[in-house]
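Residue numbers (the numbering used here): 1046 to 1265.
We treat Cβ as the ideally placed atom computed from N, Cα and C, and that holds for glycine.
Here's what the structure looks like:
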């Protein structure tokens, strides 16, 4: 399987998604469209991973629009897609749904399972949040997760698409990279966590297992 990853900022990489790819002996190709304006074609994509970033799907930057053209082709082809944060918003935007201002959640906070569509997921997990925009749940999709501050934290649709507003993919090294480079973003957030607070929080070991479960589900 060829996994094409769209990375949107240097400090938010694929994390445990890369470990899943290696476990299954897949090939992973990481694109940086924000810097090089290069995207894969639909024909060479078996699984698309769309990661987070500081930009908004409401921006009119050329690569953001081209990225949605790719997503639309893959949705039509029923190619598996996983989106985190900005990535999930891009999927919703491609489907015609609004991206709006939401509560600024930065740090670790629980998310609660809202659907039994994907078997054997835990009822509650501690996830990393790093966002202040949110998506509408697309028609035909199931609400997958909610948090105390935001209902629309995740969706799953057609056994092929998952979008999460938060992050299961970062591991300990990834978390440190995010925080040391983007720690100023923690200011004035509703979780009231500082960069130091976040760095002191161990990444829950179950998040990697759940990330594997989600990718297994959309690719099986």
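* Asked: Looking only at its own chain, which residues have a Cβ that is under 7 Å from the Cβ of residue 1014, when we skip the five neighbours before and after it?
  -> Residue 1014 cannot be examined here, being either before or after the span of the chain that is shown, 1046 to 1265.
* To do: Give the range of the beta strand (DSSP E) segment to which residue 1047 is assigned.
  => 1047-1051
* Asked: Taking DSSP as the reference, what is the three-state secondary structure of residue 1192?
  -> strand
* Asked: Do you know how far the Cα of residue 1100 is from the Cα of residue 1085?
  -> 20 Å
* Asked: Taking the C-alpha atoms as reference points, what is the distance between residue 1215 and residue 1096?
  -> 11 Å
* What are the uninterrupted segments assigned as alpha helix (DSSP H) that are 4 or more residues long and contained completely in the stretch 1116-1163, given in chain order? -> 1131-1139
* **Cβ pair count under 8 Å reaching 3, the stretch 1183-1198 against the stretch 1155-1163** => yes
* Would you kindly work out how many angstroms separate the C-alpha atoms of residue 1224 and residue 1161, rounded to a whole number? => 33 Å
* To do: Report the rounded CA-to-CA distance for residue 1164 versus residue 1111, giving the unit in angstroms.
  => 34 Å
* Per-residue DSSP class, three states only, for residue 1180 -> strand
* Exposed unless 16 or more other CB atoms sit within 10 angstroms - verdict on residue 1074 -> exposed
* Beta-carbon contacts of residue 1206 that lie in its chain and below 6 Å, excluding the five residues immediately before and after -> 1126
* To do: Enumerate in chain order the residues of its own chain whose CB-to-CB distance from residue 1103 is below 6 Å, with the five nearest sequence positions on each side excluded.
  => 1144
* Asked: alpha helix (DSSP H) containing residue 1224: first to last residue?
  -> 1217-1227
* Between the CA atoms of residue 1174 and residue 1122 - distance to the nearest angstrom -> 31 Å
* Asked: How would you call residue 1232, buried or exposed, if buried means at least 16 neighbouring beta carbons within 10 angstroms?
  -> exposed
* Asked: First and last residue of the alpha helix (DSSP H) that includes residue 1258?
  -> 1251-1264
* **Distance CB(residue 1137)-CB(residue 1183) smaller than 8 Å** => yes
* Inter-residue Cα distance where the pair is residue 1226 and residue 1061 -> 20 Å
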